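Top line first, the protein sequences correspond to chains U and W.
Per the working numbering, the first sequence starts with residue 181, numbered consecutively.
Per the working numbering, the second sequence starts with residue 8, numbered consecutively.
Down below is the structure, laid out as structure tokens.
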Amino acid sequence: MKKKDLRIYKHPILGDMPEKKKIYIYFNEKKLTAYEGEMIAAVLYANGIRKLRKTERFKKPRGIFCAIGRCTDCVMTVDGIPNVRTCITPVKNGMKIEFQVGLGKWKKKIW
Amino acid sequence: MEEKDLVIIGGGPAGLCSAISARKKGIDVLIIDENLRPGGQLFKQIHRFFGSKEHMAGVRGFIIGEKLLKEVKELGVEVWLNSIAYGIFKDKIIGVIKDGKNTHIKAKSIIISTGATENPLSFPNWTLPGVMGAGACQTMINIHRVLPGKKVLMIGSGNVGLIVSYQLLQAGAEVVGIVEIMPKIGGYLVHAAKIKRFGVPIYLSTTILEGVGKDEIKGAVICPVDENFKPIIKRKKYIDVDLICIAVGLTPLNELLYQAGCLFTYKGYLGGLVALHNENMETTVENIFVAGDCSGIEEASTAMEEGKLAGIAASEKIRNKKWEEEKEEIRKHLNDFRIGTFGEKRKLSKEEIIKEYYERIKT
């Protein structure tokens, strides 16, 4: 596994990080390595990306705040769907994650 | 519409324990949880729990979580994951978004064990990336195993602030300090001692003035306060940090209880507004029970006991039977936990809640 990121590979209580299947996701065209079961925001933070979106009115940056899907600070556009809570959404191979401005735009129809 | 004897909303320590005790009484149980895995916040608790041996003291939180999940599975409790209970309607009909689809389920009895949410603290730039709840940070390091920052400032020296600071050290981060606005440490001294052994300073009578940074946190300004909690500005100090964690308490997540029509009371020592309940954890709405942090902020150990109590009490009504001795035993355990400076106050608050329940249920 790549050691240069911010993942905690060794831990005194939890032990070594279990081996997981390697996959790839894209953040604004940038290819990132992820492991199956990881949450989107965790992969971004592991790569030093903490600015996930900008607010609608004041264009202020936001990152992870609650990490359990309650606060919606971490919402991004995922595979064309805006406002996805990235701290509780697991990655999928080939997933396209986009920085979101305001409420985002629908790029994909689900209905 | 599907019908169930007992529906438990929230599969954390309280919910899992109530499911186990009710299932053991032969009750048909369904747990609804919005997460992809049950266990609530147990899996991020990697420290050993307090209490007596029989309550799994000395066992780490996530091990207790695994044990409870195994038991729930073996007993055949039905669990709906990725399911958000958004409302409780007339005749105990629960609205649920299950896997993104709307559905309804009718229950004879409901236990609400939705837990709590972290309190925010506002200061200039508190919305920047790099400011997060201490519990959020704990989720990042112990569940997702990613360091959200390398140099950390912790706000608040309650047990959460102390424990998460220690766990940040275990995860390889540098904790540059803990600020506490009160003149003394809020949490247990055992936890504080561990932090101090690592040389982490705990700044008492000190607050945060602002977070510093444009796009994300690059530093913080901390400042001592006088006896009226007013910052002594000339003594303010800049420190280099890339992560600020907020550990200033929790608030019960009680929207569903409110919507169901339960009566509330305000208890500061229990985190704010809580639903009135009797000695069986039953709220002022018959057959709606409450357990764990959403009935007042305490600890996972008490949440598990309250869960068991609610599970048995709900089963009694469904089966029309009495298990008074078992319940009395659990109440004894709860009292054993509610000791010490913090525990005593919570115990008193809980007693007041029961008293007020009987006063207001009459009217």
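Here a beta-carbon is modelled for each residue, glycine too, at the ideal position from N, C-alpha and C.
This structure is a prediction, so every number in the text was calculated from the model and none was measured.
(1) Tell me the rounded alpha-carbon separation between K334 of chain W and C301 of chain W.
(2) Please classify V167 of chain W: does DSSP put it in a helix, a strand, or coil?
(3) Assuming G282 of chain U and T235 of chain U make a contact with CB atoms under 8 Å, what is their CB distance in whole Å?
(4) Let me know the secondary structure DSSP gives G83 of chain W once reduced to three states.
(5) My output table needs one value for R3 of chain W: the three-state DSSP class, helix, strand or coil.
(6) In this structure, does DSSP put M219 of chain U in helix, strand or coil?
(7) Can you check whether the C-beta of P262 of chain U is within less than 8 Å of a C-beta belonging to chain W?
(8) Just to confirm, is the Cβ distance from N166 of chain W to I53 of chain W under 8 Å?
(9) Who are the Cβ neighbours of L224 of chain U in its own chain at under 8 Å, not counting the five residues just before and after it?
(10) What are the boundary residues of the alpha helix (DSSP H) that includes G314 of chain W?
(11) For I101 of chain W, which residues in the same chain have their Cβ closer than 8 Å to its Cβ, ignoring the five residues on either side in sequence?
(12) Since G278 of chain W and G303 of chain W are thought to touch, with beta carbons under 8 Å apart, how far apart are those beta carbons, to the nearest angstrom?
(13) Examine the Cβ distances between the region 279-298 of chain W and the region 190-206 of chain W and report whether three or more of them are shorter than 8 Å.
(14) Taking its Cβ as the centre, do 16 or more other Cβ atoms sit within 10 Å of M181 of chain U, making it buried, or is it exposed?
(15) Runs of 3 residues minimum, wholly inside the region 171-197 of chain W: which ones carry the beta strand (DSSP E) assignment?
(16) Comparing alpha-carbon positions, which option in W:E125, W:T124, W:N132 and W:I104 lies nearest P241 of chain U?
(17) If you check the beta carbons only, do I244 of chain U and C254 of chain U fall under 8 Å apart?
(18) Only counting runs of 4 or more residues, tell me where the alpha helix (DSSP H) segments fall wholly within the region 133-163 of chain W, in order along the chain.
(19) Cβ closer than 7 Å: which chain W residues qualify as neighbours of R242 of chain U?
(20) When you compare each of W:I337, W:L160, W:K354 and W:A321 to R30 of chain W by their alpha carbons, which one comes out closest?
(21) Exposed or buried, what is P20 of chain W when buried is set at 16 or more other beta-carbons lying within 10 Å of its beta-carbon?
(22) Taking only the alpha-carbon atoms, compute the straight-line gap between V264 of chain U and Y204 of chain U and give it to the nearest angstrom.
(23) Do K74 of chain W and D35 of chain W come within 8 Å of each other at the CB atom, strictly closer than that value?
(24) Beta-carbon of G214 of chain U versus every beta-carbon of chain W: anything under 8 Å?
The answer reads as follows:
(1) Translated into the one-based positions of the second sequence, residue 334 of chain W becomes position 327. Translated into the one-based positions of the second sequence, residue 301 of chain W becomes position 294. A direct Cα-Cα distance of roughly 20 Å separates K334 of chain W from C301 of chain W.
(2) Residue 167 of chain W sits at position 160 when you count from the first residue of the second sequence. Per DSSP, reduced to three states, the secondary structure at V167 of chain W is helical.
(3) Stepping through the first sequence from its first residue, residue 282 of chain U is reached at position 102. Stepping through the first sequence from its first residue, residue 235 of chain U is reached at position 55. Cβ atoms of G282 of chain U and T235 of chain U come within 8 Å of each other, at about 7 Å.
(4) As a position in the second sequence, residue 83 of chain W is number 76, starting the count at 1. In the structure shown, G83 of chain W adopts coil according to DSSP, grouped into three states.
(5) In this structure chain W extends from 8 to 370, so residue 3 of chain W is not present and cannot be described.
(6) As a working note, residue 219 of chain U is residue 39 in the first sequence. Strand, per DSSP.
(7) Numbered from its first residue, the first sequence carries residue 262 of chain U at position 82. So no, P262 of chain U is outside the interface.
(8) Your numbering for residue 166 of chain W matches position 159 in the second sequence. Your numbering for residue 53 of chain W matches position 46 in the second sequence. Going by C-beta atoms, N166 of chain W is not nearer than 8 Å to I53 of chain W.
(9) Here residue 224 of chain U refers to the residue found at position 44 when the first sequence is read from its first residue. Here L224 of chain U has F207, L212, R230, L232, T266 and I277 as same chain residues with Cβ atoms under 8 Å from its own Cβ, once five neighbours each way along the sequence are excluded.
(10) On the second sequence, position 307 is the one that residue 314 of chain W refers to. For G314 of chain W, the enclosing alpha helix (DSSP H) stretches over residues A307 to R326.
(11) Within the second sequence, numbered from 1, the residue matching residue 101 of chain W stands at position 94. Closer than 8 Å at Cβ, skipping near neighbours: V14, I16, I39, A92, G94, I95, H111, I112, K113, A114 and I117.
(12) Walking along the second sequence from the start, residue 278 of chain W turns up at place 271. Walking along the second sequence from the start, residue 303 of chain W turns up at place 296. Cβ-Cβ separation between G278 of chain W and G303 of chain W: approximately 6 Å, consistent with a contact (criterion under 8 Å).
(13) No, the region 279-298 of chain W does not touch the region 190-206 of chain W.
(14) Translated into positions along the first sequence, residue 181 of chain U becomes position 1. Only weak support exists for where M181 of chain U lies, its pLDDT of 48 falling under 50; the value from the coordinates is given anyway. A residue is called buried once 16 or more other Cβ atoms fall within 10 Å of its Cβ, and M181 of chain U, having fewer, is exposed.
(15) Runs of the beta strand (DSSP E) inside the region 171-197 of chain W: 181-186.
(16) Numbered from its first residue, the first sequence carries residue 241 of chain U at position 61. Check the Cα spacing between P241 of chain U and each of W:E125, W:T124, W:N132 and W:I104: the tightest is with W:N132.
(17) The residue you call residue 244 of chain U lines up with position 64 of the first sequence. The residue you call residue 254 of chain U lines up with position 74 of the first sequence. Closer than 8 Å, so yes.
(18) Counting only runs of 4 or more, we get 141-149.
(19) Within the first sequence, numbered from 1, the residue matching residue 242 of chain U stands at position 62. By Cβ distance, chain W contributes T134 and P136.
(20) Working through the second sequence from its first residue, we reach residue 30 of chain W at position 23. Among W:I337, W:L160, W:K354 and W:A321, the Cα nearest to that of R30 of chain W is on W:A321.
(21) Here residue 20 of chain W corresponds to residue number 13 of the second sequence, with the count starting at 1. Classification of P20 of chain W: buried, given that the 10 Å Cβ count is 16 or more.
(22) Taking the first sequence and counting its residues from 1, one reaches residue 264 of chain U at position 84. Taking the first sequence and counting its residues from 1, one reaches residue 204 of chain U at position 24. Going from the Cα of V264 of chain U to the Cα of Y204 of chain U covers about 19 Å.
(23) Looking up residue 35 of chain W in the second sequence gives position 28. Looking up residue 74 of chain W in the second sequence gives position 67. No, the pair does not count as a contact, with Cβ atoms beyond the cut-off.
(24) For the purposes of this step, residue 214 of chain U is identified with residue 34 of the first sequence, where counting begins at 1. Going by the sequence as given, residue 214 of chain U is Ala instead of Gly. Not a single C-beta of chain W is nearer than 8 Å to the C-beta of A214 of chain U.
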